[in-house]
Amino acid sequence: MTPRAGDLRPRSKVVTRTSATSRRNNSTYTTSKPSQKCPSCSAAVLLPQSPCPNCSALLPLPSNLSHHSILFLSNPVASSSASASLDISQELANTPANGYDIDKAALKKNWLLRQRDLHPDKYQAKDDGEKSVSLARELSGRVNEAYNVLKDDLKRADYILSLHSRETEETDKIDDPMMLAEILEAREELEEASSQDEVDRIRADNHEKVVETTSRLSQAFAQNSPDLHEAKNLAIQLRYWRGLEDAAKDKVI
Ligand SMILES: [Zn+2]
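Residue numbers are given in the working numbering: position 176 of the sequence shown equals residue 188, and the series is strictly consecutive.
The structure is reproduced here in structure tokens:
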């Protein structure tokens, strides 16, 4: 694959999804924008900015930043109850489908920009070299983790569910007997497939199921108060369809 230069050397600014919803919310709620004081130049730096836009010092970031905000896809919201904590539910309520619908091009672009700004090699020459380099390593690790979770439709669902302590487990079973029968039947069909054409058809059918389940997940998360019960069931289904997809890929005729 030939990488396109534009993908690897982004020049434009970070893309933030400031939706109409968040602008509307800002006018009705008085949400303070969480910031921290730069220890080098004392500037007030909005989260999740790092390095400091004023003096380029690398700043640590709170461990409870959301994956979305560390990649500039949402703006952190200060919790109204505790001054130092963040309200991730409120933050994601300002994004499409409570954080499930992601602009994947913006995600990739912001990830690459973050990687560039937080690259440990950039901090080798600083006075406090070792300290900044290890902080840069930690932050780029977190940025990579956030990217890997958000770019994957299943991991992203599980992440949002986990914020509500509803994440799925590998061992979770499908509770809809019709759906389970459909998946088992597809499995059996795959096992018995004797030509590449058949496997390809099963993969195409399965791909449709993956797309459909992802779109239903988006609808479940998109409700004002996300339907977490439905979202969890759909995430479990998606895990099964994904398993079938992998099995079809590995099938040797
Ligand atoms: Zn500074």
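Glycine included, C-beta positions come from ideal geometry on N, C-alpha and C.
All of these numbers come straight from a predicted model, not from anything done at the bench.
Pick from the options that is closest to residue i, judged by C-alpha positions
i	options	result
Lys185	Lys261, Arg251, Pro108	Arg251
Val145	Glu203, Ser152, Gln136	Gln136
Val89	Asp133, Pro132, Asp99, Leu246	Asp99
Ser75	Leu147, Ser237, Asp187	Leu147
Trp123	Glu142, Lys143, Ser97, Leu151	Leu151
Asp113	Ala234, His176, Pro72, Arg154	Ala234
Ser97	Leu73, Asp115, Thr107, Leu119	Leu73
Glu157	Lys120, Pro63, Ser47, Val57	Lys120
Ala232	Ile172, Asp133, Ala69	Ile172
Leu240	Glu179, Glu204, Glu220	Glu179
Asn236	Asn106, Leu196, Asp164	Asn106
Asp262	Val57, Arg149, Ile195, Arg199	Arg199
Gly111	Arg154, His131, Ala243	Ala243
Ala247	Asp187, Glu194, Ile214, Arg213	Asp187
Residue environment, residue i, which counts as buried when at least 16 other CB atoms sit within 10 Å
i	result
Ala216	exposed
Asp258	exposed
Cys53	exposed
Arg128	exposed
Ala117	exposed
Asp170	buried
Thr225	buried
Ser86	buried
Ser44	exposed
Pro238	buried
Gln249	buried
Thr183	exposed
Pro65	exposed
Pro189	exposed
Ser177	exposed
Cys62	Cys is not the amino acid found at residue 62; the sequence shown has Ser there. Buried, since its Cβ has 16 or more Cβ neighbours within 10 Å.
Inter-residue CB distance, residue i and residue j (contact presumed, cutoff 8 Å)
i	j	result
Ser206	Ala109	Their Cβ separation, rounded to whole angstroms, is 41 Å, which puts Ser206 and Ala109 out of contact at 8 Å.
Leu166	Arg254	6 Å
His80	Leu104	7 Å
Val222	Ile265	Not a contact, Cβ separation roughly 22 Å.
Leu162	Leu83	7 Å
Ser101	Leu175	7 Å
Residue i - containing alpha helix (DSSP H), residue span
i	result
Gln231	208-234
Lys261	240-262
Leu58	No alpha helix (DSSP H) contains Leu58, which is instead part of the beta strand (DSSP E) from 56-58.
Leu130	Careful: Leu130 lies outside any alpha helix (DSSP H) and carries neither H nor E.
Glu181	Careful: Glu181 lies outside any alpha helix (DSSP H) and carries neither H nor E.
Pro189	189-204
Leu175	165-175
Ile82	79-82
N- and C-terminal bounds of the beta strand (DSSP E) containing residue i
i	result
Ser47	47-49
Minimum Cβ-Cβ distance from residue i to chain D less than 8 Å
i	result
Ser206	The structure shown contains no chain D; it holds only a single protein chain.
Residues that DSSP places opposite residue i in a beta bridge
i	result
Leu98	Ala90
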